[in-house]
Every structure is written in C-alpha cells, then in structure tokens.
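Notes for the one structure printed next.
Residue numbers (the numbering used here): 1 to 309.
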C-alpha cells in the first residue's frame, strides 16, 4: 500500500480529541485523495473493515479499539474559483466563490482562509475541530450555520469502487445528521464543493472573532469530544443537564464540564467505559426529571459500544 505510514496496534487515544481509544489493528495515514482511495481498496482486498478518521472529534472509540483498518485522513488540497450566480430574487448576477476541498482539509482552517479573502458562509466553523469530510458526514454546524448551508455536492467513494458526486438532497441532511453517518465502512467522502458569498473581509473577520471569543468563554479547555448530546427541539441539552443538577458530576476520570454541561471532559486516564456510564446516568436523570430523551450527537466507534442506555 502506497501511504506515508502503515503500522499495527496503534493506540487511538493518541488521535482523538477526548484522548480515549484502544488499538487499531492497522493504522494508515494518507495525504491525498488518491492515497485515500488506495487505502480503502487495500482494506477491501484484505477483507477488512475500514474507518476514516479526521480530526478525532465527535467520536468515542472503544477501549477495545477498532478491528480492521483506521485511515487517518490528511488529504487537504483546496481549489478555488469564482462564478457568477443569480441573486436571491433572480434579478441580477453576483460573484460567488466555489471551493473544492479534499476531505482531510481542516474546516476551521478553510473558514479562516476564505473569510479573510472576503468570502462569507463558513465563519461559524472557525472553532469547530473537524475536517471537511467529517463535516459533510455529520452536517457539522455552530452559531446557527451548518455545512449543508454551503455545500453544493460531495464526492463519495463506495464499496463497489464507484465514485459519484452527491447533492444535498441525496445526502438527506437533518440536524447533525446525513445518510452517511454510521456508514463509514460503506461510503467515504473524498471531496466537497462549497459555495460562498462575497462580503467585506473585515466583517467576516469580525464574525469569526466573535464566535471564537464566545467559544473561549463557554466551552472547556480540557480534552473533550465536543457536544455530547443533540439539542432536543426548542431546548438545549446543556440546560437540561445543568437543571438536573449534573454539572460537575464525575465518574472515574470523566466529568460533566463545570463550564458547559453538554461537554464531558477527560481529567486524565479516562476510559470509554466511564464515559458511557456517565452518559447512561445523565440520560436516565434527564428522562426522569424532564421526560426528555437525550440523543447522542457523537458517534460510537469500535467494539462493545452501544447507544442503548
């Protein structure tokens, strides 16, 4: 396999933002779209499951690790070009920016790069620790924006070795969800094409700075997985957890953050088992007190993890 790195039994705790995760049978780092395709094809030829890992956020990896091949995606080539598109009322044309980014590109890095050029639409992503591919899969978002607002289409590689461009309709986007989520062994995002609008660079930068400051004030600095639960309709998961008296609650080395109750933080040496015990406690308590079933936003990866609790 032509890749930069290929090794056995790599501890995935080194590659996730929560710093939790057992070994991968095989671990590969790729740096281009072609290498990503080759790694998936190698896994298929060996009859091994594969999982494409981006920045390691928004996932909890089992203490037992992942059987098969984990492909850490650093394919980050970005192409930009301008087009003319009709404005909302269709009465005139305006310049738009089209961006084709490989799936391993940093989402906040892309947001910063484009916003400083005066292209608006991704400012919300400045603090979201995700790759472009992961954002496509999860419909990542923040501050009222999401990737589906800007996505034109995504290039998808599947287990039949077919490569097709999927529109948002085919991706079936919903809140923090697409029909790719949970199907990492079937489909791999190769590239995404986004469209952005022209704006004053100073205004774009000001919005990014505002979002960055808000994140610094309201989110913990310890290792975390990001938001643990989806917000229920017309409410916030963090508000419910705090109102249930669980802010700061701890099991082992995992704690409900004292800064934001929808974040679980690793105090050092935490395990996936402890995370799931705390998840079960929080879900049960919120259900009993408020009759609300909290749904996990994160994805559970590897042996022995289940959302049923």
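Even for Gly, the Cβ is constructed at its ideal location relative to N, Cα and C.
Neighbour-count burial assignment, residue 190, 16 or more Cβ in a 10 Å radius: The sequence position of residue 190 within the chain shown is 190, counting from 1. By the neighbour-count rule (16 or more Cβ atoms within 10 Å), residue 190 is buried.
Taking the straight line between their C-alpha atoms, what separation do you get for residue 115 and residue 28? The residue you call residue 115 lines up with position 115 of the chain shown. The residue you call residue 28 lines up with position 28 of the chain shown. Cα to Cα, residue 115 sits roughly 32 Å from residue 28.
Please state if the CB of residue 24 and the CB of residue 52 are separated by a distance shorter than 7 Å. For the purposes of this step, residue 52 is taken as residue 52 along the chain shown, with counting starting at 1. For the purposes of this step, residue 24 is taken as residue 24 along the chain shown, with counting starting at 1. No, the Cβ-Cβ distance between residue 52 and residue 24 is not below 7 Å.
Mapping DSSP to helix, strand and coil, what is residue 38? Here residue 38 refers to the residue found at position 38 of the chain shown. Residue 38 carries a helical assignment under DSSP once its states are collapsed to helix, strand and coil.
Quick check on DSSP: helix, strand or coil for residue 231? As a first step, residue 231 is located in the chain shown; it is residue number 231 there, counting from the start. Correct three-state label for residue 231: coil.
Taking the C-alpha atoms as reference points, what is the distance between residue 234 and residue 214? Locating residue 234 in the chain shown gives position 234, where the first residue counts as 1. Locating residue 214 in the chain shown gives position 214, where the first residue counts as 1. If you draw a straight line from the Cα of residue 234 to the Cα of residue 214, it is about 21 Å long.
Within the stretch 82–121, note down every full alpha helix (DSSP H) run reaching 4 residues or more, in order along the chain. DSSP runs (the alpha helix (DSSP H)) wholly in the stretch 82–121: 107–115.
Could you pull the DSSP bridge partners for residue 167 from this structure? Walking along the chain shown from the start, residue 167 turns up at place 167. Note: residue 167 sits in a beta bridge opposite 153.
4-residue-minimum alpha helix (DSSP H) runs that sit fully inside the stretch 259–306, ordered along the chain: Segments of the alpha helix (DSSP H) lying fully in the stretch 259–306: 272–290.
Let's see if you can read the secondary structure: which residues bound the beta strand (DSSP E) around residue 240? Taking the chain shown and counting its residues from 1, one reaches residue 240 at position 240. From DSSP, residue 240 is part of no beta strand (DSSP E) but of the alpha helix (DSSP H) over 237–243.
Under DSSP, the beta strand (DSSP E) around residue 23 begins and ends at which residues? Stepping through the chain shown from its first residue, residue 23 is reached at position 23. Element bounds for residue 23: 23–30.
Residue 247 versus residue 256 - alpha carbon distance: Against the chain shown, residue 247 aligns to sequence position 247. Against the chain shown, residue 256 aligns to sequence position 256. Annotation: residue 247 to residue 256 spans about 6 Å, alpha carbon to alpha carbon.
From the DSSP output, which residues share a beta bridge with residue 50? In the chain shown, counting from the first residue as 1, residue 50 sits at position 50. According to DSSP, residue 50 bridges with 69.
With a threshold of 7 Å on Cβ separation, who are the neighbours of residue 323 within its own chain once the five nearest residues in sequence on each side are excluded? The question about residue 323 has no answer here: the residues shown for the chain are numbered 1 through 309.
For my contact list, residue 303 and residue 101 are in at a C-beta cut-off of 8 Å; report their separation, rounded to the angstrom. Here residue 303 corresponds to residue number 303 of the chain shown, with the count starting at 1. Here residue 101 corresponds to residue number 101 of the chain shown, with the count starting at 1. About 32 Å separates the two Cβ atoms, so there is no contact after all.
Excluding the 5 residues flanking residue 43 on each side, which residues of the same chain have their C-beta closer than 6 Å to its C-beta? Here residue 43 refers to the residue found at position 43 of the chain shown. So the list reads 50, 69, once near-sequence residues are dropped.
Should residue 230 and residue 297 be called a contact, given that it needs their Cβ atoms to be closer than 7 Å? As a position in the chain shown, residue 230 is number 230, starting the count at 1. As a position in the chain shown, residue 297 is number 297, starting the count at 1. Result yes, Cβ atoms of residue 230 and residue 297 sit closer than 7 Å.
Does residue 274 pass the burial test, meaning 16 or more other C-beta atoms within 10 Å, or should it be called exposed? As a position in the chain shown, residue 274 is number 274, starting the count at 1. If you draw a 10 Å sphere on the C-beta of residue 274, you find 16 or more other C-beta atoms in it, and that means buried.
Helix, strand or coil: which one does DSSP assign to residue 147? In the chain shown, the residue the question calls residue 147 occupies position 147. The answer is helix: DSSP assigns residue 147 an H, G or I state.
Since residue 232 and residue 292 are thought to touch, with beta carbons under 8 Å apart, how far apart are those beta carbons, to the nearest angstrom? One-based indexing of the chain shown puts residue 232 at position 232. One-based indexing of the chain shown puts residue 292 at position 292. Rounded, the Cβ-Cβ distance is 5 Å, consistent with contact.
Look up residue 198 in the DSSP assignment and say whether it is helix, strand or coil. Reading the chain shown from its first residue, position 198 is the one you call residue 198. Three-state DSSP puts residue 198 in a strand.
For residue 2, is the classification buried or exposed, using 16 other Cβ atoms within 10 angstroms of its Cβ as the cut-off for buried? On the chain shown, residue 2 is found 2 positions in, with the first residue counted as 1. In this prediction, residue 2 has a pLDDT of 49, which is less than 50 and means its spatial position is unreliable; what the coordinates show is noted afterwards. Label assigned to residue 2: exposed.
Hey, quick one: how far does the alpha helix (DSSP H) through residue 128 stretch, first residue to last? Here the question's residue 128 lines up with position 128 in the chain shown. That residue, residue 128, is in no alpha helix (DSSP H); it is neither H nor E in DSSP.
Paired residues, beta bridge with residue 158 - DSSP: Within the chain shown, residue 158 is the residue found at index 158, counting from 1. Answer is 187.
For the stretch 165–182 and the stretch 102–121, state whether three or more C-beta atom pairs, one from each stretch, are separated by less than 8 Å. In this structure the stretch 165–182 does not lie against the stretch 102–121, because fewer than three pairs of beta carbons, one per stretch, are closer than 8 Å.
Residue 281 to residue 19 span [Cα, whole Å]: By 1-based counting over the chain shown, the position of residue 281 is 281. By 1-based counting over the chain shown, the position of residue 19 is 19. A straight-line Cα-Cα distance of about 21 Å links residue 281 and residue 19.
My output table needs one value for residue 59: the three-state DSSP class, helix, strand or coil. Counting from 1 along the chain shown, the entry for residue 59 is found at position 59. Secondary structure at residue 59: strand, using DSSP grouped into helix, strand and coil.
Beta-carbon gap between residue 227 and residue 266 smaller than 7 Å: Within the chain shown, numbered from 1, the residue matching residue 227 stands at position 227. Within the chain shown, numbered from 1, the residue matching residue 266 stands at position 266. The Cβ atoms of residue 227 and residue 266 lie no closer than 7 Å to each other.
For residue 255, the first and last residue of its enclosing beta strand (DSSP E): Numbered from its first residue, the chain shown carries residue 255 at position 255. Segment 254–256, the beta strand (DSSP E) holding residue 255.
Tell me the rounded alpha-carbon separation between residue 309 and residue 295. Within the chain shown, numbered from 1, the residue matching residue 309 stands at position 309. Within the chain shown, numbered from 1, the residue matching residue 295 stands at position 295. Note that residue 309 scores 49 on pLDDT, short of 50, meaning its location in the model is unreliable; the coordinates nonetheless yield the value given after this. So the alpha carbons of these two residues sit roughly 11 Å apart.
In three-state terms, what does DSSP make of residue 123? The sequence position of residue 123 within the chain shown is 123, counting from 1. Residue 123: helix per DSSP, three-state reduction.
How many Å lie between residue 290 and residue 245 at the Cα? The sequence position of residue 290 within the chain shown is 290, counting from 1. The sequence position of residue 245 within the chain shown is 245, counting from 1. Spanning the two alpha carbons is a distance of roughly 12 Å.
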